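In what follows, a structure is listed as structure tokens, so that the remarks can point back to it.
Protein chains in written order, with the numbering used here: chain A, 145 to 302; chain B, 31 to 450.
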């Protein structure tokens with residue numbers, strides 16, 4: 145499916161870069177991983193598997209992602225925390241019309257200031273990735289999480 | 031010397047309720063008494079939506095207070111609520127969260143089997159085992175199947191919403207709500223069939239009452255929630271009303287979005303952002319619906335177990351599932367109406383981004399509740415203050431009042447201070 149090592153490296157690099165970006169605290173990096181018309185959905189596994197459309201966050205454009213970044217920076221009152229994404233190797237399901245359908249397991253560890261580190265959110269990304277002049281971009285990222293009982297709130301991007 | 035920071039009993043300053051002793055949020059024995067007197071006795075608690083169990087045998091597992099219950103549609107189509115505790119050894123036998131059990135429920139421990147109504151219908155080796163012409167063991171002759179069913183709750187359904195009570199002596203659901211709050215309830219649940227859009231769950235480390243208070247507190251939305259202020263969804267100068275039932279236990283905060291979206295009275299609010307623009311305005315693609323009858327937001331608190339949300343096009347139920355004095359699970363069920371167009375369903379889903387554990391608005395609430403509780407735990411001898419709008423408990427035609435919180439505690443004191 146992946147024709148050569150270069151494609152594979154570009155794909156794994158996208159996953160690594162994304163994890164690095166969302167852990168960096170520089171939230172403006174996050175929307176840039178997506179195409180203009182995109183889907184980002186953070187959804188409990190129950191809704192996903194039962195076919196319920198509700199997601200915890202459901203965005204349909206890069207603009208919505210930017211609005212979320214503004215929310216994190218300016219409008220959402222929250223306890224600040226560090227987050228650390230541990231992302232497994234991507235599993236390529238298929239490549240069709242230049243669109244890579246891939247998945248990867250993830251765990252996010254949350255560390256509130258002066259507190260212990262805890263497992264915050266565990267799940268899997270279900271992605272559709274396209275090649276653009278600026279490199280590979282996410283046309284769609286579903287973060288389907290097992291951790292259906294959210295420890296109070298999720299503020300930063302998963 | 032006796033401790034003053036950690037008092038032994040709750041002390042109110044006077045007969046009023048505008049100063050709330052923090053011990054009401056931190057004391058475990060008070061919490062147990064609340065479970066007893068509010069969740070298990072004399073009150074109706076939210077269980078779910080009829081749309082979740084359309085066919086006979088369909089069930090969902092949930093809780094009332096801390097007790098595990100099953101909402102199941104019976105063979106005759108009626109809704110039953112039974113406790114998830116086997117009559118034999120008391121095990122919480124149902125482990126699935128939802129499903130279909132046409133043939134009833136079987137406890138895996140000793141295979142006791144119950145009907146969808148909770149009646150015992152099968153006990154293995156009830157008549158013993160035959161061996162060498164003798165009958166060995168078995169249940170005693172005086173064992174009666176009909177005396178050993180599951181605990182059955184009293185059930186009320188209205189407009190597709192299911193409430194239940196462990197207390198079969200509880201007044202009717204309609205009397206429980208009273209005419210004022212019943213009207214708010216019927217406004218949303220007016221007979222149209224509901225369609226479940228999905229769930230969100232969050233564990234909030236705070237006393238369960240803080241969530242009731244949060245939705246009785248009309249003071250904070252226009253201050254804490256930037257989105258509400260800036261986009262005029264909830265502002266101090268919106269046309270609004272605060273209403274209660276005759277006991278002051280239930281309430282509704284009613285608000286109508288203003289047309290003047292900028293400046294005026296709210297320019298002094300720190301979190302008001304005059305220049306804020308959405309990159310994608312579809313988050314607030316609000317379309318007025320005829321059933322609103324004017325108000326753009328009606329937040330109804332049904333004491334003790336649920337909050338009913340209508341905030342523009344987003345509608346949900348938010349169930350309070352307490353677990354200990356300092357924590358509760360908050361269970362959101364977003365829904366639509368069966369006659370909604372696809373566009374309206376999309377709109378409700380988009381606006382759901384404002385609510386829930388990551389919502390542009392609601393995430394704030396979970397956070398402030400956590401930091402209230404963690405502070406209360408360190409100094410239960412002190413008090414919280416709810417004096418906005420005076421000391422009295424009365425309906426208002428504005429939102430600059432904490433009357434609903436005072437009302438809730440007036441009722442709380444009545445019930446909690448009553449003799450056994």
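Think of the CB as a built atom: it goes at the ideal place given N, C-alpha and C, for glycine as much as any other residue. Please read these numbers as outputs of a predicted model, since none were measured by experiment.
Residue contact with chain A for residue 100 of chain B: absent (no Cβ-Cβ distance below 8 angstroms to any residue of chain A).
Residue-level contact by beta carbon holds for residue 218 of chain A and chain B, with a gap shorter than 8 angstroms. Those residues of the region 299-313 of chain B placed with their C-beta closer than 8 angstroms to a C-beta in chain A are 301, 303, 306, 308, 309, 310, 312, 313, ordered along the chain.
Within chain B, the residues 393, 394, 397 have their CB atoms less than 8 angstroms from the CB of residue 222 of chain A, given in chain order. Residue 436 of chain B sits close to residue 48 of chain B, with the two beta carbons spaced by under 8 angstroms. Annotation: the continuous beta strand (DSSP E) that includes residue 90 of chain B extends over 88-94. Residues are counted here when their Cβ sits less than 7 angstroms from a Cβ of chain A; for the region 237-269 of chain B these are 254, 256, 257, given in chain order. The criterion of a C-beta distance shorter than 8 angstroms is satisfied by residue 363 of chain B and residue 229 of chain B. Distances from the CA of residue 250 of chain A to each of A:167, A:221, A:191, A:231 were compared; the closest alpha carbon is that of A:231. Inclusion of residue 155 of chain B and residue 168 of chain B in the CB contact set at 8 angstroms is warranted, their separation being smaller than that value.
Taking C-beta separations shorter than 7 angstroms and ignoring five residues to either side along the sequence, the partners of residue 54 of chain B in its chain run 40, 60, following chain order. At a cut-off of 8 angstroms between beta-carbon atoms, residue 382 of chain B makes contact with chain A. In the three-state reduction of the DSSP assignment, residue 36 of chain B falls in the coil class, being assigned neither a helical nor a strand state.
Residue 276 of chain A does not reach chain B, its nearest Cβ partner there being about 20 angstroms away, counting only Cβ pairs nearer than 9 angstroms. Taking one beta carbon from each stretch, the region 158-175 of chain B and the region 117-128 of chain B have fewer than 3 pairs nearer than 8 angstroms; the two do not touch.
Interface flag for residue 200 of chain A against chain B is set, since a Cβ pair is found closer than 8 angstroms. Counting of Cβ neighbours within 10 angstroms places residue 246 of chain B among the buried residues, the total reaching 16 or more.
Pairing residue 165 of chain A with residue 174 of chain A gives a Cβ-Cβ distance under 8 angstroms.
Within chain A, 191, 196, 197, 198 have C-beta atoms less than 7 angstroms from the C-beta of residue 228 of chain B, given in sequence order.
Residue 100 of chain B sits close to residue 114 of chain B, with the two beta carbons spaced by under 8 angstroms. Rounded to the nearest angstrom, the Cβ distance from residue 266 of chain B to residue 427 of chain B is 13 angstroms, too far for a contact under 8 angstroms.
Residue 240 of chain B and residue 399 of chain B do touch by the CB rule: their CB atoms are close to 5 angstroms apart, below 8 angstroms.
By the criterion of at least three beta-carbon pairs nearer than 8 angstroms, the region 334-350 of chain B is not in contact with the region 301-312 of chain B. Using a CB distance cut-off of 8 angstroms, residue 232 of chain B counts as an interface residue toward chain A. With respect to residue 36 of chain B, residue 225 of chain B sits apart: the two C-beta atoms are not nearer than 8 angstroms.
Where residue 405 of chain B is concerned, the enclosing alpha helix (DSSP H) starts and stops at 392-408.
The Cβ-Cβ distance between residue 185 of chain A and residue 202 of chain A falls below 8 angstroms.
DSSP places residue 375 of chain B within a helical segment (H, G or I) once states are collapsed to three. Chain order gives no chain A residues near residue 146 of chain B, where near means a beta carbon separation below 7 angstroms; the closest approach is about 22 angstroms.
The shortest C-alpha to C-alpha distance from residue 327 of chain B to any of B:287, B:412, B:380 is the one to B:287. In this structure, the beta-carbon distance from residue 446 of chain B to residue 97 of chain B does not fall below 8 angstroms. Contact between the region 280-288 of chain A and the region 204-216 of chain A is absent: fewer than three C-beta pairs spanning the two stretches fall below 8 angstroms.
Burial is judged here by how many other beta carbons sit within 10 angstroms of a residue's own beta carbon; residue 278 of chain B has at least 16 and is buried.
Put simply, the backbone Cα of residue 150 of chain B is about 18 angstroms away from that of residue 184 of chain B. Close CB contacts of residue 102 of chain B within its chain, under the 6 angstroms cut and outside five residues either way in sequence, are with 89, 110, 146 (chain order). By the neighbour-count criterion, in which 16 or more other beta carbons inside 10 Å mark a residue as buried, residue 281 of chain B falls on the buried side.
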